[in-house]
Structure formats: C-alpha cells, structure tokens
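Protein chains in written order, with this note's numbering: chain A, 213 to 760; chain B, 213 to 760.
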C-alpha cells in the first residue's frame with residue numbers, strides 16, 4: 213500500500229475518503245488550542261479547569277468553597293526496589309517534551325457532588341456541560357475544559373481520570389475511572405468500589421495523571437492560586453506542591469457571591485440566523501408572544517413596535533415567518549430602542565471584597581477599587597471592576613503588576629493580546645503622579661487588578677487566556693482605572709506633603725535655638741525672654757507651615 | 213420564570229441542566245476562532261475556504277485549475293421598483309457591523325466535481341472531510357473550513373449555500389440548497405433542479421450570501437488571490453469584484469504539482485495515547501507486525517530492536533498489550549534510532565516555479581529561490597522553500613514585503629505571531645548588503661516569499677493564520693533565507709561595481725579631450741598625434757578599469 217506509486221484520484225475515490233471527525237479527535241490533534249501546548253502550561257491548565265469547576269459548583273450550591281489541590285510526582289518501583297521520580301516511564305526525560313515528568317494532579321472540593329449518572333459524560337465527553345446554553349455568569353462556559361484535561365492525560369500517560377463524588381454525608385459515594393473514546397467523543401468509564409473503610413467527604417475529587425512540569429515561579433500554579441485567592445476571598449484554598457510544601461490561602465470573607473440568575477437573550481445580541489432558529493423552536497403561538505417570552509426586555513409595547521416596523525402582523529405563528537420577514541424582523545429589532553438587559557445575571561466581586569482579597573495577598577500602603585455599572589457588548593451584559601494597590605513591598609522601578617480576571621478566573625497567558633492590558637496601557641497614569649513610558653504600563657510600586665464579569669466573556673481562544681478587544685470593554689476598563697487612579701494620585705500627593713512638612717519641622721527645631729541666641733544678643737534679652745520668643749516664633753512658623 | 217428570584221441549586225438541578233453542545237453551536241458562538249470576526253476578514257475567509265477546496269480538488273484529480281471568483285452586492289426590489297444596494301435589509305448599515313453589506317460570493321472550478329450523496333455533508337456539517345485523518349499535504353486539513361463559511365452565511369443572512377456540481381461533461385449536474393442544523397451539526401439540504409437550458413461546466417460551483425465588506429487594498433481578496441497566483445503558477449484565476457472590475461491571473465506553467473502520497477504516521481510523532489488506540493484498532497496479529505505495517509520507516513530489524521528495548525516479546529497480540537507495556541513501548545520508540553519519514557507526501561512549489569510565480573506578479577530586477585531538503589517536526593514531514601525578489605518597482609525605503617504560505621495558501625493575518633515572520637527578522641540581512649533595524653525586517657526593495665509544505669501545518673488557531681513557533685521550523689526558514697540572501701548580496705555587489713565602472717567610463721570620455729589638448733600644447737603635437745595619444749590613453753585606462 214505505502215509502496216504504491218502516488219497518482220491522481222477520481223471524484224469517487226475522493227468521496228470514499230470523506231469521513232466524520234469527532235471533536236475529541238480534533239482537539240487531540242490541536243490540543244495547543246486548549247492551552248496544552250507545553251508541559252508548564254499543560255499542568256497549569258489542568259489545575260485551572262478542575263479548580264474553576266469546583267468553585268462554580270460550590271457557589272451554585274451556596275456552599276463556601278474549601279479546596280485542596282495536590283501535585284505529586286508519579287513514582288515507580290524499579291527492579292532494585294528503589295522508588296524513583298518518573299521522568300518518562302524509563303527515568304529519562306521525554307524527548308521533545310522539555311524535561312517534563314509525570315505528575316498526579318488532585319483537586320478535592322466540598323461542593324454538592326455530581327449525580328452518579330452524570331459523572332462519565334462530564335469528564336469523558338468534550339462539548340458537554342450546563343453552562344454553554346445558558347446566559348449566566350460562571351467560570352466555565354464552553355463545556356470543554358475538564359474533559360480536555362482528561363483527554364490530555366490520556367494522550368500523554370494513557371491513564372483514565374479518577375473521579376470520586378459524594379452528594380451528601382448520608383449519600384453513598386461513587387468512584388469512576390473515565391477514559392475518552394476518541395473516535396466517538398464518548399466516555400469509556402468503569403465504576404470502581406470505594407472501600408467502606410475510606411472516609412469520603414461530601415464533594416468531588418478529580419485525579420489526573422499527566423505529563424507536566426512544575427515550577428514555583430512565573431506563570432505557575434502558585435501564581436494562579438494566589439490570584440484566585442485575590443478574586444475569591446470567600447474561598448479557602450490549600451495547595452501542596454510536588455516537594456510537599458503546603459500553602460494555605462485562608463478565607464477572609466464569609467460572604468458568598470450573590471447567586472446569579474439565568475437571563476433570556478437580549479434582542480440586540482441575537483443574529484439573524486439565531487433569530488430564525490429561535491422562531492422555529494419557539495413554543496409561542498404568535499410572533500408577538502414569541503418576542504415577549506423568548507427575549508429579555510421585550511414588553512408588549514416594544515413587541516408591537518418591532519412588529520409594526522417590520523410590517524408583520526402580531527398574530528402570525530412564529531413558525532410561519534418566512535426568511536425575508538425574519539430579515540425585516542431582525543432589522544426592526546436593530547431600529548427599535550430596547551432597554552439594556554437585566555444585570556442580576558452578573559455577580560461582581562465587589563469593591564470591599566476585592567480590596568480585602570488584594571490586601572490578603574499583597575503587603576500594601578494604600579488600596580482603592582471601583583466597580584462600574586453593568587453594561588452590554590453585542591447584547592451580552594458585562595461589568596468591569598478594578599482595584600489598585602500601592603507601595604509596600606512592591607518594586608518602585610518596575611512596570612505595574614497587572615492581574616487580569618474573567619468571571620473571577622485569573623488569566624496568566626496572552627497578556628499582550630488582552631483588552632485588559634491594552635486598556636491599562638491606554639490609561640494616562642501621568643495624571644495621577646505616576647511615571648509611564650509612552651503607550652506602555654505605568655512604572656511604580658503598583659498592582660493593578662481588573663475583573664470582567666459577564667454571561668459570555670469573549671475570549672480570543674478556547675484556551676481562555678485573553679479578552680477580545682471590544683471598544684466598549686476597553687472603555688469600561690479605562691473608566692474604572694481612572695476612578696482608582698484619581699484616588700491614588702490624591703494619596704501620593706498627600707504622602708508627598710506630609711514628607712515636606714516633616715522636613716520643614718526638622719529645620720525649625722534645628723535652627724530655632726540658634727536664632728534665639730542671635731536675638732538674645734541683638735535685643736539684649738534675658739534667657740527667659742529668649743525662650744518665650746523662641747516658643748512664639750515656633751508657634752507662628754507652625755501656623756504658616758500648616759497653612760502652606 | 214425570568215421574574216423568579218435567583219437562588220442556589222442542588223446537585224440534581226445541576227445535573228438536569230447538563231446538555232450536549234454540538235460543534236456547530238460551539239463555532240456559531242465562537243466564530244471569531246474560525247476567522248469570521250469582522251466583515252472584511254469574514255469575506256476573505258469565505259473566499260479562501262472555497263478557493264482552497266477548489267485547488268485541492270483539481271490537483272488531486274490531476275486537472276490544471278481554472279477558477280472564477282465573483283463577489284456581487286445583493287440587490288433587492290423596493291416598492292418603487294428601484295434596485296438598490298443592500299446594506300442590511302432596510303438599506304441602512306447594520307448596527308455593530310462596521311457598515312458591512314450583503315454580498316454574494318461565488319467560486320466556480322473545473323475540478324472533478326463532488327458525488328451527489330457527498331454534497332450535503334461536505335457543506336452542511338462541521339468536522340467532516342477527507343483530509344483530517346490522512347497524512348498527506350493538502351490545503352485543507354481540519355474539515356471545518358467551507359462548512360464554517362456556510363455556517364457564517366446562515367448566521368448573518370439566513371441563506372443556505374447553493375452548490376452546483378457536475379462530475380463530467382456527460383454526467384448529470386446536481387444542485388443543492390444546504391443549511392446547517394445547529395443543534396445536530398447536520399445538513400438541512402434540498403435538491404433543486406438544474407434547468408435543462410443551463411450550461412453547467414464540469415466542476416463545482418459554491419455560492420454563499422454573507423455579510424461582508426469588500427475592500428480592494430490591504431488584507432483584501434485581491435491581495436489573497438495575487439499571492440495565491442504566486443504560489444500556484446499552474447492555476448488560472450479570474451476575479452470579478454463588486455464594482456464589476458475583472459482581474460485575470462494567467463497560468464505561467466502547465467506543470468501540475470506532483471501528486472502526493474499518503475504516509476503512515478512516523479513512530480516519533482505518535483503520543484502514548486494514540487499508540488494505545490492504534491494497537492487496539494490494529495488488524496495485525498502480532499505487535500511486531502503492528503509496528504511494521506501501521507508505521508512508516510519501521511523495518512523488521514527496527515521492530516525487533518524496539519520490542520527488545522521495551523522488553524515485550526514479538527509474538528504478543530497488540531490488543532493484549534497492557535498500559536504499562538504500552539508505556540515501555542512508547543519509551544523504547546523514543547530511544548530507538550529510526551529513519552526520518554518518507555517525503556513523497558510533500559509537493560513543494562519548486563524553485564523555478566516559485567520564481568516564475570513571483571516574476572508574474574511583481575516587476576523585479578533580480579529573483580532567487582531556495583528549496584530546503586524535507587525534514588521533520590514531531591514526526592511530521594515538512595519542507596521549507598523561500599524566494600527573494602529585488603528591485604524594480606518595490607519601495608527602497610520600506611521594510612521588505614513578506615509573503616507567507618502554508619501548503620500553497622497565502623497567510624494574510626497574524627503575521628506577528630507567525631514563525632515565518634520571526635525567522636525573517638532573525639536572519640542577518642546586513643551580511644547581504646541590506647540594511648536591517650535590530651531584530652526587525654530588512655529594509656529595501658525586497659519581496660520575501662516563504663512556503664511551508666507539510667502533511668500537518670501546526671497553525672496557532674483554527675483560522676489558520678499563523679504557523680506555530682517550532683525551533684526546527686524557524687531554523688529551516690532561516691537557512692532557506694540565508695541561501696537566497698547570499699545570492700542577493702552578490703547581485704547587489706555586482707550592480708554596485710557596474711555602476712562604479714559606468715561612472716569611471718564617463719569620467720574618461722569627459723576629460724580625455726581636455727587632457728589631449730593640454731598634451732598637444734605641452735608636447736607641441738599635431739592634431740593627428742594628439743588624437744592617437746588620446747586613443748592610446750583611452751585603451752590603457754580601459755584596461756586598468758577592467759582589471760580594477
């Protein structure tokens with residue numbers, strides 16, 4: 213077969229070669245699209261997907277999150293019986309994999325657990341989940357994350373993921389080994405017994421064996437968890453690294469994020485194609501009813517107005533609307549003034565919370581924050597929060613440290629491509645007494661936090677590393693930063709004045725005695741008179757200083 | 213429902229919300245991942261996907277490609293009977309869509325056509341195709357492209373694509389209207405009659421109605437087709453733009469690209485997870501047979517060697533290999549020296565062809581090109597070709613124009629992120645008498661062409677806009693450019709010398725008469741003697757100049 217001389221093919225032969233490609237096969241071959249392009253990033257992405265899901269689950273269930281993350285080197289018994297760290301199965305570093313080694317990643321949460329019958333699909337099938345089809349703020353949104361991590365584990369170590377879940381202290385715990393059938397994009401799962409002796413807490417534990425490289429510094433798991441703690445002050449996060457060192461990010465607030473509500477799509481955010489599909493799927497019997505029930509912010513009055521503009525009578529059945537009419541309907545929607553979507557689908561971190569989180573992880577002299585009112589891009593509600601910390605141990609001569617968050621998830625990669633970084637650089641920090649090289653980040657002892665909360669964050673890739681550059685998003689970030697900037701400016705000014713005063717005061721106390729002696733000689737004062745004069749002088753100078 | 217106060221949910225409620233997400237729904241919501249993020253790019257991407265498929269089909273069938281691309285504004289009859297250009301159905305520009313208008317894109321080829329039963333799936337189903345599962349060079353590789361364009365058309369104009377195909381002049385032509393069922397990722401097709409009167413040529417015609425914006429300059433369809441002509445000198449491409457202007461890129465070579473052969477995967481390119489899957493799916497009865505038949509470059513000797521290293525006996529049935537053994541097998545493969553994969557799966561453009569293509573589209577003084585021997589990244593064969601054109605109408609004081617190609621497809625976006633651009637900037641052009649600002653592109657009247665041919669181009673996104681930064685790829689590009697650079701350097705030197713000579717010569721002819729007159733006075737020569745002396749002098753000077 214491989215010997216055959218290459219030649220041209222006929223339409224028939226080409227047709228015979230046509231095949232379906234499963235989404236699992238696609239992402240297995242393109243795993244860099246999901247953030248698994250190198251050993252460091254693959255480890256970080258794996259941890260992130262598991263942690264995001266854990267936090268989402270806890271919050272949806274109204275439970276204060278308590279997470280334990282461990283990363284352990286995989287050890288293997290060798291002939292001589294010695295345990296040794298596995299760098300590739302044979303103790304040598306894997307070729308072309310940057311000295312990665314095998315690691316077991318485990319994430320345990322105290323969440324609501326997962327119903328037995330759901331476990332296999334959630335971890336063993338890509339594009340499966342509860343978050344893609346709803347308009348509601350959550351960390352996960354695409355239904356790829358954790359199953360992609362499982363896929364990566366299988367590709368690199370051949371090991372299935374191990375899931376242990378318990379929905380309550382009274383419920384029976386369940387444990388599954390789950391692999392992914394690439395061709396079918398379907399789970400290959402096997403339920404395994406949980407020994408009666410084992411104490412299984414309520415919640416879910418995910419264990420994956422992957423090729424990865426652990427590093428403590430830079431874009432590391434440590435950095436990711438530290439930032440996660442900043443954006444989630446209500447979570448308690450324990451991390452044990454491969455060397456066995458343990459870090460605990462304590463909870464600094466018992467306030468759970470407000471539960472968010474799922475909203476209907478806003479008319480402005482819907483494209484013609486989707487509109488047509490919605491009408492076809494609608495259960496309403498009239499197009500007017502359809503507009504009112506299937507969208508947010510469409511009152512009877514607005515619905516009438518839209519249909520009038522579109523020249524469609526209200527009684528029509530949505531399924532009978534022809535494409536051209538749908539087209540007019542779409543246009544009419546764009547022409548009609550419709551109230552912005554409701555925003556209780558969003559749950560910002562909140563100014564106080566954000567400041568608490570920041571102070572917990574950084575030692576600072578001054579912290580301020582600003583939360584913008586919610587607004588909309590392409591029909592999707594979103595809200596920007598920012599906080600700026602100043603001074604303390606932060607280096608004075610380096611560019612500001614920028615922490616980017618989307619729905620409370622830290623974004624560590626692709627900073628250059630991110631709307632948030634662009635907006636920070638586009639803010640005029642000079643106005644706030646900070647130095648800033650042309651078009652780049654401000655320089656000084658600064659940490660800048662920006663959080664975008666939205667029902668649908670427009671990421672630039674499936675890896676969810678950077679926010680796409682929508683003007684309205686850039687603008688909102690800039691405004692939030694300007695609010696913080698002004699307060700920082702005031703603080704810096706004040707600090708400067710205090711320093712000046714201190715200097716003046718020291719001059720006075722230094723020279724006054726000498727002046728006193730001089731006066732005494734000139735005016736022939738007694739020592740008593742001299743001291744009185746000095747005291748008077750001092751008081752006067754004090755006053756002028758204050759007023760200056 | 214939307215009135216209900218938001219509250220927390222139970223594991224049961226969360227489970228109820230779990231749903232499958234179709235890949236069509238996923239990409240509809242994330243269409244920017246496929247290159248449909250704005251109106252300009254969407255038009256370009258649509259044309260590109262159709263053209264790539266047309267060229268692939270023609271070449272696979274051994275037909276010299278002849279393509280006709282037209283872009284027409286969609287006009288609509290208004291009450292007053294006047295035809296008008298449609299900017300959105302109501303003549304106004306669409307909100308939030310940068311003044312895009314509706315365009316009909318049509319691409320007709322003279323290829324082998326498509327069998328009737330295949331038409332709906334190819335255009336109406338994402339992740340379906342003949343190119344993903346094979347290791348063989350072609351423009352398409354992911355099975356997303358053209359169906360993504362159809363999806364985009366449906367989303368923005370609600371119109372199905374119209375496909376007309378005829379497999380030969382004798383065969384009956386077929387015509388389909390094809391939409392995509394988002395939830396099912398399945399075609400919704402309807403066969404329509406082709407009027408007997410209509411002259412349907414052999415080949416395939418794709419017609420899509422999309423929201424787009426046509427621009428003649430910058431990253432435009434014109435630019436894309438011009439570059440396509442450079443990389444495909446064997447193709448004849450006709451383009452009629454919305455204003456009705458027509459450009460024809462004539463064929464400058466009748467040589468079709470060598471037909472490429474599909475190869476087996478190379479052992480080095482296979483990950484553990486894939487290895488396990490291959491053993492499970494293998495039809496071989498022994499693991500030794502499996503290694504020999506399912507991989508390229510594995511002889512009986514190599515197979516023995518691998519199995520020895522892995523400590524697996526040759527007779528084992530591949531299906532019986534346990535995971536740990538598979539692991540050892542994987543390691544053993546990495547440890548064994550295996551010949552590089554065969555390269556008749558690649559079909560480079562070729563130096564002469566590339567130069568022809570370049571000279572066709574640019575007016576140049578000098579062209580040179582270099583084709584590197586094939587090599588391998590992560591087990592995938594690839595080959596780099598480069599060509600550099602100099603002088604002519606190219607601006608002398610601007611950075612070189614860089615044309616990037618992957619499997620003969622021009623890459624217009626994401627240049628900054630592309631390995632090719634990085635390699636051009638990393639080449640030391642100063643050595644070749646060209647000016648080059650530190651770490652950036654050379655400056656001068658230069659056009660640089662780089663082509664990567666591979667069975668699997670590692671793109672940084674589904675939009676296929678940039679080549680990922682593998683060291684070996686960067687290195688190969690640099691080497692090809694150095695070859696070209698040296699020749700350019702020689703040319704520039706030579707040109708300089710000729711210029712100098714010309715200047716010298718002009719001096720001689722300018723001053724010789726005066727010298728003659730001077731000599732005549734000093735030596736009291738007759739006019740005849742004077743002229744002889746001058747001629748002698750001239751001859752001597754000529755000689756010295758030549759020798760200098």
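All C-beta atoms in this analysis are idealised placements derived from N, C-alpha and C, irrespective of residue type, glycine included.
Taking every protein chain shown into account, the CB of residue 726 of chain B has fewer than 16 other CB atoms within 10 angstroms, so this residue is exposed. Taking 4 residues as the shortest admissible run, the region 321–388 of chain B contains the following complete alpha helix (DSSP H) segments, listed from N- to C-terminal end: 331–336, 357–369. Of all residues in the region 338–354 of chain B, the ones placed with a Cβ closer than 8 Å to any Cβ belonging to chain A are 339, 340, 341, 342, 344, 345, 346, 354, in chain order. Judged by beta-carbon spacing, residue 445 of chain A lies beyond the 9 Å limit of residue 432 of chain A, meaning their Cβ atoms are not closer than that value. According to DSSP, residue 664 of chain A shares a beta bridge with A:596, A:618. Residue range 458–461 is occupied by the beta strand (DSSP E) that includes residue 458 of chain A. The Cβ atoms of residue 418 of chain B and residue 286 of chain B lie no closer than 9 Å to each other. In this chain, residue 572 of chain A is not harboured by any beta strand (DSSP E); it is covered by the alpha helix (DSSP H) spanning 563–573. Just so you know, the alpha carbons of residue 740 of chain A and residue 714 of chain A end up roughly 28 Å apart. Membership of residue 492 of chain A in the alpha helix (DSSP H) is indicated by the continuous run 484–493.
Annotation: the continuous beta strand (DSSP E) that includes residue 279 of chain B extends over 278–285. Leaving aside the five residues that flank residue 435 of chain A on each side, the residues in its chain whose CB is nearer than 7 Å to its CB run, in chain order, 624. The beta carbons of residue 610 of chain B and residue 471 of chain B sit no closer together than 9 Å. Shown here, residue 401 of chain A sits in a strand according to DSSP, grouped into three states. When the beta-carbon positions are compared, residue 675 of chain A and residue 363 of chain A stay at least 9 Å from each other. In this structure residue 536 of chain B is exposed. Its beta-carbon is surrounded by fewer than 16 other beta-carbon atoms within 10 angstroms.
In this structure, DSSP gives residue 623 of chain A an extended state, which the three-state scheme calls strand. Unbroken beta strand (DSSP E) runs of no fewer than 3 residues, entirely contained in the region 428–455 of chain B, are found at 448–452, following chain order. Linking residue 314 of chain B to residue 283 of chain B through their CA atoms gives a straight-line distance of about 10 Å. Within the region 324–336 of chain A, those residues whose Cβ lies closer than 8 Å to any Cβ of chain B are, in chain order, 324, 325, 326, 327, 329, 330, 333, 334.
Burial check for residue 491 of chain B: the Cβ neighbour count within 10 Å reaches 16 or more, so the residue is buried. Looking at A:548, A:561, A:593, the one whose alpha-carbon comes closest to that of residue 515 of chain A is A:548. Taking C-beta separations shorter than 8 Å and ignoring five residues to either side along the sequence, residue 224 of chain A has no partners in its chain. Note that the C-beta distance between residue 254 of chain A and residue 485 of chain B is not below 9 Å.
Residues of chain B with a Cβ closer than 9 Å to the Cβ of residue 226 of chain A are, in chain order, 269, 272, 273, 324, 326, 327, 330, 342. With contacts defined as CB atoms closer than 9 Å, residue 679 of chain A and residue 612 of chain A fail to qualify as a contacting pair. Taking C-beta separations shorter than 8 Å and ignoring five residues to either side along the sequence, the partners of residue 367 of chain B in its chain run 240, 243, following chain order.
C-alpha of residue 497 of chain A to C-alpha of residue 528 of chain A: approximately 8 Å in a straight line.
At a cut-off of 9 Å, the C-beta of residue 489 of chain A has a neighbouring C-beta in chain B.
About 32 Å separates the beta carbon of residue 395 of chain A from that of residue 323 of chain A, a gap too long to meet the 8 Å contact definition.
In this structure, the alpha-carbon of residue 724 of chain B lies about 24 Å from that of residue 708 of chain B. The C-beta of residue 420 of chain A has 16 or more other C-beta atoms within 10 Å across all chains shown, which makes the residue buried.
Residues of the same chain with a CB within less than 6 Å of the CB of residue 642 of chain B, apart from the 5 flanking positions on each side, are 648 in chain order.
Cβ-Cβ distances below 7 Å link residue 530 of chain B to 491, 494, 496, 499, 502 in the same chain, with the five nearest sequence neighbours on each side left out; the list follows chain order.
Burial check for residue 279 of chain A: the Cβ neighbour count within 10 Å reaches 16 or more, so the residue is buried. A residue is called buried when at least 16 other Cβ atoms come within 10 angstroms of its Cβ; residue 677 of chain B meets this threshold and is buried.
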